[in-house]
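2 protein chains.
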Amino acid sequence: MKPSKSDRTKSRILDASRTLFAQFGYEATTIRGIAEKAGIDPSMVIRYFGSKDALFALTVDFEMGNVAAPMSGDRTPGERGVRHFLRLWEGEEANPALPILLRTASSSTLAAEKLRMLFESQIRRLIEHLAGRPVDPERAALIASQMLGFAYCRYILQIESVANMAPDRVVALLGECVDHHLQMEGPLPQGPDAHGDQSNPPSDPVKEERS
Amino acid sequence: MKPSKSDRTKSRILDASRTLFAQFGYEATTIRGIAEKAGIDPSMVIRYFGSKDALFALTVDFEMGNVAAPMSGDRTPGERGVRHFLRLWEGEEANPALPILLRTASSSTLAAEKLRMLFESQIRRLIEHLAGRPVDPERAALIASQMLGFAYCRYILQIESVANMAPDRVVALLGECVDHHLQMEGPLPQGPDAHGDQSNPPSDPVKEERS
DNA sequence: TGCAAATGTCAACGCGTGTTGGCAAAATGG
DNA sequence: CCATTTTGCCAACACGCGTTGACATTTGCA
Chain W
1 MKPSKSDRTK SRILDASRTL FAQFGYEATT IRGIAEKAGI DPSMVIRYFG
51 SKDALFALTV DFEMGNVAAP MSGDRTPGER GVRHFLRLWE GEEANPALPI
101 LLRTASSSTL AAEKLRMLFE SQIRRLIEHL AGRPVDPERA ALIASQMLGF
151 AYCRYILQIE SVANMAPDRV VALLGECVDH HLQMEGPLPQ GPDAHGDQSN
201 PPSDPVKEER S
Chain F
212 MKPSKSDRTK SRILDASRTL FAQFGYEATT IRGIAEKAGI DPSMVIRYFG
262 SKDALFALTV DFEMGNVAAP MSGDRTPGER GVRHFLRLWE GEEANPALPI
312 LLRTASSSTL AAEKLRMLFE SQIRRLIEHL AGRPVDPERA ALIASQMLGF
362 AYCRYILQIE SVANMAPDRV VALLGECVDH HLQMEGPLPQ GPDAHGDQSN
412 PPSDPVKEER S
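Protein chains in written order, with this note's numbering: chain W, 1 to 211; chain F, 212 to 422.
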């Protein structure tokens, strides 16, 4: 059960491929480049992973399992959702497949399909879990598209004001907007506050903790 | 001044390159493919445009001049902004460079730079023109990132619920969210409420032209 | 220690790419 | 009507790519 020598090489290849795919996309990343970064011969990459496509698929394949995991102590559903989203992208347990997916989705059918599936099943489920009730699909998709646009600007395009935004401010601004979306089609079950907007919550047990 | 024969060929090449770059991105689009679609020899593409890079730059180069043009009779600033955005992407006078930019921004440095510039100058200006006053850069960037995420989901990924959304509903849902952003940091000059009457920015030289 | 399996290197193949120069056909103009 | 330019096609080059198979080296086990 000890880690054989090939396991170390395989993981070096995977590390290199993750980095390069995330940085340059699918087409511009070459087997030769991956091999060089991993310090071995290009033929090893093929031997261990079969083909460039297979390596890419493996690099991009990951578990979205705990996407609907519980969040920290932020106040509103939107804030909790955005915090979770942020944790998924940066921080310690960040998922390295996410930047790759976003970077390559516009040129790789496989990545686009994966991202689309992520959209239509997982994210929607997360949003409904946040809201505690069913959510209009179009509304949910719009929330998700906002997150995706944010990630695209922060991690891919690296727009200055978006890339440098402090996490807490991201949580505040984006969360506030998510809450707005959720409140627009009806009150939330256990109604946390969303910065005292005067939109019509008919029977909204809002607790006022605005400072 | 008469259109020479080569002009027709050049425009056929440009048409083909627009279509292919928008559909497959930069790397996966080949000179041979463009030539075939235009019905001529690959060498003609080089002769007329110099190189693939030059053709791409020319395909992606376009005028953003009237980005701050007036909008139609939607009620709130957000709705007017989103309507304008939608007109820029679909409809008659849509700009064919936009889908190409969005598709290739993640793999082409040139496209990414162009999109970044669009972000940091033009869009911000449009948003401030909508609000009728200065807007917090981070807030403006967030609004822009939301539009970008929407476009990415609708035109690139083609997420079902986003791609099929009726224009009026897009204007309503997204506009409402933009308005929320704008109201969060202070009242608008003439429209303090979300669904109030139209706002008219003070001393703006833009003339109104209804569609 | 000896031998087979695992691990790695090297050179090369076939392919598609962007790009080039030469040459035929068509258009142009005096 | 001929000479010149324009427009187009063809063949080919050099290059980098993914991939392959043969051969060297190292490792692991009996």
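For glycine and all other residues, C-beta sits at the position ideal for the given N, C-alpha and C. All values reported here derive from a predicted model rather than from experimental measurement.
Item: Please work out which residues of its chain come closer than 6 Å, Cβ to Cβ, to lysine 52(W), disregarding the five sequence neighbours upstream and downstream, and give them in chain order.; Value: Ile31
Item: Checking contacts by CB at 7 Å: is leucine 142(W) closer than that to chain F?; Value: yes
Item: Taking glutamine 183(W) as the reference, give the member of Thr109(W), Arg169(W), Ala140(W) with the closest Cα.; Value: Ala140(W)
Item: Counting pairs of beta carbons, one from the region 234-241 of chain F and one from the region 305-322 of chain F, are three or more of them closer than 8 Å?; Value: yes
Item: Touching or not, the region 295-304 of chain F and the region 250-258 of chain F, by the rule of three or more beta carbon pairs under 8 Å?; Value: no
Item: Decide yes or no for the touch test of the region 361-369 of chain F against the region 148-161 of chain W: beta carbon pairs closer than 8 Å, at least 3 of them.; Value: yes
Item: Measure the C-alpha to C-alpha separation of cysteine 388(F) and arginine 219(F) and round it to an integer number of angstroms.; Value: 45 Å
Item: Here's a check: name, in chain order, each residue in its chain whose Cβ is nearer than 7 Å to the Cβ of lysine 10(W), leaving out the five neighbours to either side.; Value: Tyr48
Item: Counting only C-beta atoms, is serine 6(W) closer than 7 Å to chain F at any point?; Value: no
Item: Checking contacts by CB at 7 Å: is leucine 255(F) closer than that to chain W?; Value: With the sequence shown as reference, residue 255(F) is identified as methionine, and leucine is not the correct amino acid for it. So no, methionine 255(F) is outside the interface.
Item: Could you tell me whether the region 54-62 of chain W touches the region 119-137 of chain W, where touching means 3 or more Cβ pairs closer than 8 Å?; Value: no
Item: In chain order, what residues of the same chain lie with their CB nearer than 6 Å to the CB of alanine 374(F), ignoring the 5 residues before and after it?; Value: Arg365
Item: Who are the neighbours of glutamate 186(F) on chain W, taking C-beta pairs under 8 Å?; Value: There is simply no residue 186(F) to check, as chain F begins at 212 and stops at 422 in what is shown.
Item: Using a Cβ cut-off of 7 Å (strictly closer), state whether valine 206(W) contacts chain F.; Value: Residue confidence is low: valine 206(W) scores 35 on pLDDT, short of 50, so the model does not pin down where it sits. Its coordinate-derived value is still stated next. Valine 206(W) does not count as touching chain F.
Item: What is the DSSP secondary structure of glutamate 113(W), counted as helix, strand or coil?; Value: helix
Item: Using Cβ-Cβ distances below 9 Å, what residues of the region 17-38 of chain W are close to chain F?; Value: Phe24, Gly25, Tyr26, Glu27, Ala28
Item: Short of 7 Å Cβ to Cβ, which residues in the region 304-319 of chain F face chain W?; Value: Arg314, Ala316, Ser317, Ser318
Item: Comparing alpha-carbon positions, which option in Lys216(F), Ser228(F), Leu353(F) lies nearest proline 310(F)?; Value: Ser228(F)
Item: In angstroms, rounded to a whole number, what distance separates the CA positions of histidine 391(F) and threonine 287(F)?; Value: 11 Å
Item: Return the first residue and the last residue of the alpha helix (DSSP H) that tyrosine 259(F) is part of.; Value: 253-260
Item: Under three-state DSSP, which class holds valine 346(F)?; Value: coil
Item: Checking contacts by CB at 7 Å: is leucine 173(W) closer than that to chain F?; Value: yes
Item: Would you verify that the beta carbon of proline 137(W) is, or is not, closer than 7 Å to some beta carbon of chain F?; Value: yes
Item: In whole angstroms, what separates the C-alpha of serine 215(F) from that of glutamate 304(F)?; Value: 26 Å
Item: With DSSP as the reference, label leucine 393(F) as helix, strand or coil.; Value: helix
Item: If we define contact as Cβ-Cβ less than 7 Å, is phenylalanine 119(W) a contact residue for chain F?; Value: yes
Item: Consult DSSP for glutamate 303(F) and reduce its assignment to one of helix, strand or coil.; Value: coil
Item: From this set, Glu290(F), Tyr363(F), Pro307(F), which residue's C-alpha is nearest alanine 383(F)'s C-alpha?; Value: Glu290(F)
Item: Give every residue of the same chain whose Cβ lies closer than 6 Å to the Cβ of arginine 124(W), excluding the five residues on either side of it in the sequence, and list them in chain order.; Value: Ala140
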